[in-house]
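> Protein chains in written order, with the numbering used here: chain A, 134 to 407; chain B, 69 to 378; chain C, 14 to 378. Take this structure, written in C-alpha cells, and hold onto it; I'll ask about it next.
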Ligand SMILES: Nc1ncnc2c1ncn2[C@@H]1O[C@H](COP(=O)(O)OP(=O)(O)O)[C@@H](O)[C@H]1O
Ligand SMILES: [Mg+2]
C-alpha cells in the first residue's frame, strides 16, 4: 500500500525526533563498552585514557569461565529443546483444527507477559516441595518456560507463511507425515528454526530472574555479574564483562531477526506471484 | 488402460492398505493429532506454570512457624496485607510507578512508530530491527547501563561537575522512583514500538486521503482519524508494558533505593532474606490477581476501541 | 477400458466443519476413464468433495470407494489418486525436475532412471529442458503443467483437478482446455475436474455434477444438463433460461397441457413424470429456442409481443420481448446471420414462436 504523495511529504520535526529517539535508545547501552576501556576504576567523565586491563583481568578469572561454561551448558539445550517443541506446537496450531486453539495459544504466550519473577518463585516453591535440588537443570527448566513463547512466536508466521496445500501435495504424492515434514515442511520453515535457535539461546544466555531463583552452586554469567555488582572495585571488570556479553549477543540477535524476517518477506512475494 | 510412456507400472503402484489403528485414529481425528503434537509443550507448561501456581496458592494460606511452615489453612497473610499499611503502600507505589513508566513509554514511542509507519518508505525492516534490537540485549545490562549514567559518580553527575555547573554530585538521581521510572521507560521503549507500529501501519491510507478531501488539515486528520484508529495498538502496548513492569525486580533493586522499592522486591525478599515463603506466596497471588484484573480491563478497552472502529 | 462400472463410488457422504455442513449427503458414481466435472459456484463444496476423494479431509459420514476399496481411514499417501491443486502447490524450494520427481522417492530408482522419467514427462507437457528451472521462474501456465506432470508421473488411476485453469488468462485457458482433454484421452486416466466455469465444464466433460450448497443437484452429460435441467437452479446456472409459471393438466395417457402465464396453453408431446394433475409447475425455455417473425407462423406455437429492448453482442443479438400476462420480458437470442440485419419487426408488434419439443417442465419452487 503506497500512500499518496501529500502524505509522504517528509516531516522535518518528526525526522529529528526519530534521530533523537535512536540516540537516546542506544546511548546508555553504548556507555558500557565505552567505559570498559576507560583507564579508571571510576565510571565518570572525563575519560582518563584507553586500557584493556579490565578485559585482561576477566581472562584470568576462573569464575568467569565457569559461569560462561554454565551459561552455554544451559543455553544450548534450552534453545534446541524449545525450538523443537516450538516447531511441533506451531505446526499443530497452524495445521490442525484443534478445539480451544486460541486458549492454547494464549496459555503458551503467557510467560511473555506475566513477570518472570512470579514464574521464578512459583517454580521455586514447586521444586522445594518436590525436594528437587537447585542446579543448572532447574535453571534450564525455568529458561525453557521463558523461551517457549518466543520460539512459538517466531515459528508461527513461518508456518502461516506457506500454504497448507504444499504439505497436502506431498501426502498426495505418496509421502507419509514423517517424510512430508523432512522434505517439505522443514526446508520451508528452516529460517524460522534458525532464528528461533539464535533468539532463544540469547534469551537463555542473558536471563537473570529465573537463574537468580533456581540456581544451585553453579551459576550462569548474568548471576556472576550480579554478584560482582556489590563490589565497587569490581565495577570496571563488570563493565568489561557486560561489553563482552553485548558484543556476543548482538550478532546472534541481528542474524536471528534478519533471517526470520527476510525469509518471510521473500515468501510472501513469491506467494503473490502465483 | 493406455500406456502413457515407458514407466513401469509396478514401480509407482502404491498399496491402498490401511495403516495401524493409531494412525487411523490420528487420520480421522485432527484435534487429537494437534494435541498430540502440542502435548510436550503443554505438559512442560503445566508442570512449569500451572502446578507451581497451584502450590503457590496453597502456600499462601499457610503461615510461617519458626524455620518451617504451619500448614493449617488461614487467611492470616491476606489479613496482614490488608491491615499493615506497608503492603498497601508498596503495591500502590508499584502500580503508580509502572503506570507512569507505561504512559511515558507510549508517549515517547508513538511519534517514533508514526514516523516509521508513515514516513519511512524504504528499508522499513531495517528501521524496525534497529529500534527493537536493544530489547534483545540483556535486561540486566540495560538496567545496569542506567546505573552508570545516574550513579553518584555516574555520567551525569561527573559531567555536570566537570563542566562546573554543580559543585557536588546530585544525590537524588540514583536510588529514587524517578530513576526507576526513567529506566523502565528506556528498557521497554524498544518493545512498545511494535504494537504501535503494527496498528499504525494497518490504517488504510485512503481514509486519510478522504479526510483531507473533506477539509481536514494534518492536525485534525491526526486526531480524528489516525489516533482513534491506532487505539488498539496503544492499548496493547500499554498492557504489554504495564504488566511486566509492575512485577519488575531488577530495576528497583539496582536503582530504586528504599523509596523506589516495588512489590517484586518485597516478594523476592520474602523468599530470600526475610524467609517468609507463605507471605511471598500471598503477595505473588495478589500480584497475579491484579494482573488478571488489569488484563480484563484491557480486554474490555480493546473490545470498546475495536467496536468503535468497526 | 471399462467405462460402465463405477470406478469411484461416493456413498452418502457428508462433511461438517464444526457445525457447518459443507457437503450434504452426496452420492456419485464415476466410471473408469471418465472425464467427470464438479460444477458449482464458489463455496458450493467442490474443493471439499475433492479433498475427501484425495484424503485430505475424512468424510464425517458416508464412505468413498475407489476401485472397490473403501477409502475410509485411508490417508492420502495410500490412495491411488493424485491431485492438481487449485494453486498448483509447486514446492518453492525445489526445481522443476525435483518437483516432478517428488513422488518417485519410494520407487528407489537410480537417479538416471528418475531423470529419464522426468524428461519424458517434460516432453509430454511440452516443457522440454525446463528441469533445472526454479519454481519462482515459472509462469502460471507452466506451473499448471508441472503440477500435472508431477501427478501423472505416478500413473495414478484417478487424477483430481481443482480449478486447474482458474488462474490462467482467457486465451491460455482455452488452449489448455483443449490440451487437457487430449491428454486425458491419451493417458486414459479418470479425471475428476472441478470448475465454476460452466462453459469449461460443458466443453470438456463426459459427465457433469452440478453442485450447490454442498448438494449435488443433477448429474448428466453436458447436453443432458443443458437441454433437460431438472431444476430451476441447474437451468439458470447453466446458460440463460426463461421461466413461465403454469399449471399442469394431464389428459390420461395421451399427453399433458400446461396453462402458462404468458405463453398460453402449451401442449406437451409427452406427459412429464412426477407432477400430478393440477400441479403448479414452471415451463423453461432457453432464449435461443425462440424465433421472431413479423407474421404469425402457422406450424408452431406462438404468442404476440413487442420489442422492449435489444442488445447487439456480435455473433448474436439479445432481444427482450414484452408479452401480455407477464411482467418480465422474454429473453430471445438470435444469431446475426445477416450483416447489419435489423431485428425483425423492430418497429412494432412481432410474433414469438418456439418448437414444442424445446419446452422443459420443472417443479414450481
Ligand atoms: N477448513 C474449513 N473449515 C471451515 N469451513 C470450510 C473449510 N473448508 C471449506 N469450508 C467451507 O465449506 C464451504 C465449501 O467450501 P469449498 O469446498 O472450498 O467450496 P468451493 O471449492 O466449491 O468454492 C464454504 O462455505 C467454505 O467456507
Ligand atoms: Mg475451491
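Virtual Cβ for every residue (Gly too), placed ideally from N, Cα, C. None of these values were measured; they are calculated from a predicted model.
1. Using 8 Å as the Cβ pair cut-off and three pairs as the minimum, do the stretch 215-225 of chain C and the stretch 48-67 of chain C touch?
2. The stretch 63-91 of chain C: which residues have C-beta closer than 7 Å to a C-beta of chain B, in chain order?
3. Could you work out which residues of chain C lie near residue 151/A, taking near to mean beta carbons separated by less than 7 Å?
4. For ligand 1, which residues have a Cβ under 5 Å from at least one heavy atom, in chain order?
5. My guess is that residue 335/C and residue 321/C are in contact by the Cβ rule of under 8 Å, so how many angstroms apart are they, rounded?
6. Using DSSP with H/G/I as helix, E/B as strand and the rest coil, what is residue 189/B?
7. Which residues in the same chain have their Cβ closer than 8 Å to the Cβ of residue 14/C, if we skip the five residues on either side of it in sequence?
8. Can you tell me which of the three DSSP states residue 251/C falls into?
9. Below 7 Å on C-beta distance, what does residue 308/A contact in chain C?
10. Look at residue 256/B and residue 370/B and say whether their C-beta atoms are less than 7 Å apart.
11. Just to confirm before moving on: does the CB-CB distance between residue 185/B and residue 269/B stay below 7 Å?
12. Specify, as a first and last residue, the run of the beta strand (DSSP E) that residue 273/C falls within.
13. So is residue 233/B in contact with chain A if we call contact Cβ pairs under 7 Å?
14. Could you tell me whether any Cβ in chain A is nearer than 7 Å to the Cβ of residue 82/B?
15. Output needed in chain order: residues of the stretch 88-122 of chain B with a Cβ under 8 Å from some Cβ in chain C.
16. The alpha helix (DSSP H) that contains residue 284/A, what's its start and end?
17. If the cut-off is 8 Å on Cβ atoms, which residues from the stretch 111-126 of chain C count as contacting chain A, listed in chain order?
18. Using the C-alpha atoms, what's the distance from residue 280/A back to residue 198/A?
19. Check residue 40/C in the structure and name its three-state DSSP category.
20. Tell me where the alpha helix (DSSP H) around residue 357/A begins and ends.
21. Please classify residue 117/B as buried or exposed, where buried requires at least 16 neighbouring CB atoms within 10 angstroms.
22. Just to confirm the assignment: which complete alpha helix (DSSP H) runs, minimum length 4, are found wholly within the stretch 135-216 of chain A?
23. Please report whether the beta-carbon of residue 75/B lies at a distance below 7 Å from any beta-carbon of chain C.
24. What residues of chain C sit near residue 321/A, judged by a beta carbon separation below 9 Å?
25. Within 10 angstroms of the Cβ of residue 70/C, are there 16 or more other Cβ atoms? Answer buried if so, exposed if not.
26. Looking at the strands, I want to know which residues DSSP matches up with residue 322/C.
27. Where residue 281/B and residue 312/B are concerned, what is the direct C-alpha to C-alpha distance, given to the nearest angstrom?
28. I need the DSSP call for residue 79/B, collapsed to helix, strand or coil.
29. Tell me whether residue 254/B is buried or exposed, calling it buried when 16 or more other Cβ atoms sit within 10 Å of its Cβ.
30. Is residue 199/A close to chain C, meaning its C-beta is less than 7 Å from at least one C-beta of that chain?
31. Just to confirm the assignment: which complete alpha helix (DSSP H) runs, minimum length 4, are found wholly within the stretch 313-389 of chain A?
32. On the three-pair Cβ rule with 8 Å, is the stretch 190-204 of chain B touching the stretch 153-171 of chain B?
33. In chain A, which residues lie less than 8 Å from residue 303/B when you measure between Cβ atoms?
34. Quick one: which unbroken alpha helix (DSSP H) runs of 4-plus residues sit fully inside the stretch 183-233 of chain C? Chain order, please.
Reading it off the structure:
1. yes
2. 71, 82, 86, 87, 88 and 91
3. Taking the first residue of the first chain as position 1, residue 151/A is located at position 18. Going along chain C, no residue has its Cβ under 7 Å from residue 151/A, so there is no contact; the nearest lies around 35 Å.
4. 30/C, 35/C, 55/C, 56/C, 57/C, 58/C, 59/C, 60/C and 61/C
5. Here residue 335/C corresponds to residue number 322 of the third chain, with the count starting at 1. Here residue 321/C corresponds to residue number 308 of the third chain, with the count starting at 1. With a Cβ gap of about 4 Å, residue 335/C and residue 321/C count as contacting.
6. Your numbering for residue 189/B matches position 121 in the second chain. If DSSP states are grouped into helix, strand and coil, residue 189/B belongs with coil.
7. Against the third chain, residue 14/C aligns to sequence position 1. Any reading at residue 14/C needs caution, since the residue's pLDDT is 36, under 50, leaving its predicted position unreliable; the model's value is listed next. Result list for residue 14/C: 45, 46 and 201, in chain order.
8. What you label residue 251/C is simply residue 238 of the third chain in a count that begins at 1. The answer is coil: DSSP assigns residue 251/C none of H, G, I, E or B.
9. Within the first chain, residue 308/A is the residue found at index 175, counting from 1. Chain C residues near residue 308/A: 90.
10. Within the second chain, numbered from 1, the residue matching residue 256/B stands at position 188. Within the second chain, numbered from 1, the residue matching residue 370/B stands at position 302. No.
11. In the second chain, counting from the first residue as 1, residue 185/B sits at position 117. In the second chain, counting from the first residue as 1, residue 269/B sits at position 201. Yes, the pair counts as a contact, with Cβ atoms nearer than the cut-off.
12. Mapped onto the third chain, residue 273/C falls at position 260. Looking at the DSSP string, the run of the beta strand (DSSP E) that includes residue 273/C is 269-273.
13. Locating residue 233/B in the second chain gives position 165, where the first residue counts as 1. Chain A, which has no Cβ nearer than 7 Å to the Cβ of residue 233/B, makes this no.
14. Sequence index remark: in the second chain, residue 82/B carries index 14 (1-based). Here the model assigns residue 82/B a pLDDT of 44, short of 50, so the residue's position is not dependable, and the following value carries that caveat. Cβ-Cβ to chain A under 7 Å: yes for residue 82/B.
15. 91, 92, 95 and 96
16. The residue given as residue 284/A occupies position 151 in the first chain. From DSSP, the alpha helix (DSSP H) with residue 284/A extends over 269-293.
17. 115, 116, 118 and 119
18. In the first chain, the residue the question calls residue 198/A occupies position 65. In the first chain, the residue the question calls residue 280/A occupies position 147. Distance between the alpha carbons of residue 198/A and residue 280/A is about 24 Å.
19. Within the third chain, numbered from 1, the residue matching residue 40/C stands at position 27. Residue 40/C: strand per DSSP, three-state reduction.
20. Indexing the first chain from 1 puts residue 357/A at position 224. Run containing residue 357/A: 354-361, per the alpha helix (DSSP H) assignment.
21. Here residue 117/B is taken as the residue at index 49 of the second chain, counted from 1. Label assigned to residue 117/B: buried.
22. 138-141, 145-169 and 186-192
23. Stepping through the second chain from its first residue, residue 75/B is reached at position 7. Low per-residue confidence applies at residue 75/B: pLDDT is 39, beneath 50, and the placement is therefore not dependable enough to give any value.
24. Here residue 321/A corresponds to residue number 188 of the first chain, with the count starting at 1. Neighbours of residue 321/A on chain C, chain order: 104, 105 and 106.
25. Reading the third chain from its first residue, position 57 is the one you call residue 70/C. Result: buried.
26. As a working mapping, residue 322/C is identified with position 309 in the third chain. In the DSSP output, where bridge partners are listed per residue, residue 322/C has 333/C.
27. On the second chain, residue 281/B is found 213 positions in, with the first residue counted as 1. On the second chain, residue 312/B is found 244 positions in, with the first residue counted as 1. C-alpha separation (whole angstroms): 43 Å.
28. Indexing the second chain from 1 puts residue 79/B at position 11. Any reading at residue 79/B must be qualified, since the residue scores a pLDDT of 36, below 50, and its modelled position is unreliable; no value is offered.
29. By 1-based counting over the second chain, the position of residue 254/B is 186. It counts as buried.
30. Here residue 199/A refers to the residue found at position 66 when the first chain is read from its first residue. No - not a single Cβ of chain C is within 7 Å of the one on residue 199/A.
31. 319-339, 342-347 and 354-361
32. no
33. On the second chain, residue 303/B is found 235 positions in, with the first residue counted as 1. The contacting residues do not exist; residue 303/B stays about 14 Å from chain A at best.
34. 183-200 and 211-217
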